[in-house]
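Contents: one structure, followed by commentary.
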Amino acid sequence: MTDINRDGVTIFEPRGPIDGTSAKPFAERISGLINSGTHRGVIDFQHVRYVSSAGFRPLLVAAKLIDAAGGRLVLCGLSPRPLRLLEFHFQH
Amino acid sequence: MGRALWLGWGLPPKLVETLNVVLDEALNNIISYGYREAANDEIVVYLAATPGEIVAEIEDGVPFDPLKVPAPDLDAPLKDRKVGGLGVHCMRSLMDYVSHERVAGRNRLRLTQKIHPADIPMQPSRATHWK
Chain F
1 MTDINRDGVT IFEPRGPIDG TSAKPFAERI SGLINSGTHR GVIDFQHVRY
51 VSSAGFRPLL VAAKLIDAAG GRLVLCGLSP RPLRLLEFHF QH
Chain U
1 MGRALWLGWG LPPKLVETLN VVLDEALNNI ISYGYREAAN DEIVVYLAAT
51 PGEIVAEIED GVPFDPLKVP APDLDAPLKD RKVGGLGVHC MRSLMDYVSH
101 ERVAGRNRLR LTQKIHPADI PMQPSRATHW K
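Chain order of the listed sequences is F and U.
As numbered in my numbering, residues 1 to 92 make up the first sequence, in order.
As numbered in my numbering, residues 1 to 131 make up the second sequence, in order.
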């Protein structure tokens with residue numbers, strides 16, 4: 001997992017599948033970024049081929065926290081499979 | 001978990017993807033909420049296929065009914081969305097039938113997907129299980 005800060009926007013690039021096994025470090029990294037003041041973030045999923053509900057849970061938490069702080073969280077690079085699951089879990 | 005086996009049975013890749021997602025969600029739910037390592041619990045997965053349906057049965061010991069987990073309100077705005085319940089929503093939505101019962105002191109979660117006979121080339125019932 002790598003992250004880059006560019007013009008006040010943190011770009012976070014997780015790698016590999018995000019499932020029940022790997023969701024914990026993924027969640028910890030996201031909450032760490034938010035706790036350190038990141039309220040404008042991009043999560044680039046180009047290196048992720050699978051995300052289970054265990055991975056979507058921290059995304060929901062992050063989106064709520066960032067939304068409450070008046071920031072913005074953008075997801076990009078989702079390949080068709082994770083995108084389908086994302087749309088399935090989040091109809092909004 | 002079952003990917004290689006299901007592909008070996010000749011199931012279409014798209015169906016295998018769905019079954020794999022559901023099995024992943026079901027097992028994660030049990031491990032996250034029901035399983036107790038200290039109790040030396042054992043999770044057993046049975047997979048079976050007939051020309052009409054694919055069945056996955058998961059057995060474990062610590063009493064836990066994932067179907068009692070409240071369904072998430074997917075229509076709620078983000079700020080009101082509750083965290084949790086996504087895995088069960090996934091199982092229920094993607095499978096035709098999901099049931100839970102306690103049998104001989106163990107949970108039995110049964111996930112069933114109806115399939116067209118043409119989608120599974122092999123004929124007699126086959127089953128396998130992992131512990």
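Ideal Cβ positions, reconstructed from N, Cα and C, are used throughout, including at glycine.
Delimiting residues of the beta strand (DSSP E) encompassing residue i
| i | result |
| --- | --- |
| residue 59/U | 53–60 |
| residue 82/U | It is not in any beta strand (DSSP E) - residue 82/U carries neither H nor E in the DSSP assignment. |
| residue 100/U | 97–103 |
| residue 73/F | 72–76 |
| residue 12/F | 9–13 |
| residue 49/U | 44–49 |
| residue 83/F | Taken as a continuous stretch (DSSP letters only), residue 83/F belongs to no beta strand (DSSP E), being part of the alpha helix (DSSP H) at 80–89. |
| residue 48/F | It is not in any beta strand (DSSP E) - residue 48/F carries neither H nor E in the DSSP assignment. |
| residue 109/U | 106–114 |
Classification of residue i by the beta-carbon crowding that lies within 10 angstroms, buried from 16 upward
| i | result |
| --- | --- |
| residue 46/F | exposed |
| residue 92/F | Because the pLDDT of residue 92/F is 48, which lies under 50, any placement of that residue in the model is unreliable, and the question is left without a value. |
| residue 99/U | exposed |
| residue 58/F | buried |
| residue 34/F | buried |
| residue 36/F | exposed |
| residue 59/U | buried |
| residue 96/U | exposed |
| residue 103/U | exposed |
| residue 47/U | buried |
Extent of the continuous alpha helix (DSSP H) run through residue i
| i | result |
| --- | --- |
| residue 29/F | 23–35 |
| residue 59/F | 53–68 |
| residue 17/U | 13–29 |
| residue 67/U | Run containing residue 67/U: none; DSSP gives neither H nor E here. |
| residue 89/U | 86–94 |
| residue 20/F | Taken as a continuous stretch (DSSP letters only), residue 20/F belongs to no alpha helix (DSSP H), as it is neither H nor E. |
| residue 8/U | 3–8 |
C-beta neighbour in chain B for residue i, strict 8 Å
| i | result |
| --- | --- |
| residue 39/F | The chain inventory of the structure shown lacks chain B, comprising the protein chains F and U. |
Beta-carbon proximity list for residue i, same chain, < 8 Å, skipping 5 on both sides
| i | result |
| --- | --- |
| residue 63/F | 73 |
| residue 132/U | Outside the displayed range of chain U (1 to 131) lies residue 132/U, so it cannot be described from this structure. |
Cβ-based neighbour list, residue i, same chain, cut-off 7 Å, excluding 5 preceding and 5 following
| i | result |
| --- | --- |
| residue 89/U | 71 and 72 |
| residue 77/F | 44, 45 and 46 |
| residue 11/F | 3, 4, 42 and 44 |
Close Cβ partners of residue i (< 6 Å) along its chain, the five nearest in sequence each way excluded
| i | result |
| --- | --- |
| residue 91/U | 22, 25, 26 and 98 |
| residue 69/F | 39 |
With three or more C-beta pairs closer than 8 Å as the rule, is the stretch 42–57 of chain F touching the stretch 24–32 of chain U? yes
To be precise: take each residue of the stretch 61–72 of chain F, compare its Cβ to all Cβ atoms of chain U, and keep it if any distance is under 9 Å. Which residues remain? 61, 63, 64, 67 and 68
Please identify, using Cβ separations under 7 Å, the residues of the stretch 45–60 of chain F that lie next to chain U, in order along the chain. Listed by position, the residues of the stretch 45–60 of chain F near chain U (Cβ gap below 7 Å) are 52, 53, 54, 56, 57 and 60.
Positions along the stretch 69–83 of chain U whose CB lies within less than 7 Å of some CB in chain F: 74, 75, 77, 78, 79, 81 and 83
The stretch 9–26 of chain F: positions lying closer than 7 Å to chain U by Cβ: Of all residues in the stretch 9–26 of chain F, only 19 and 20 come within less than 7 Å of chain U when Cβ atoms are compared, listed by chain position.
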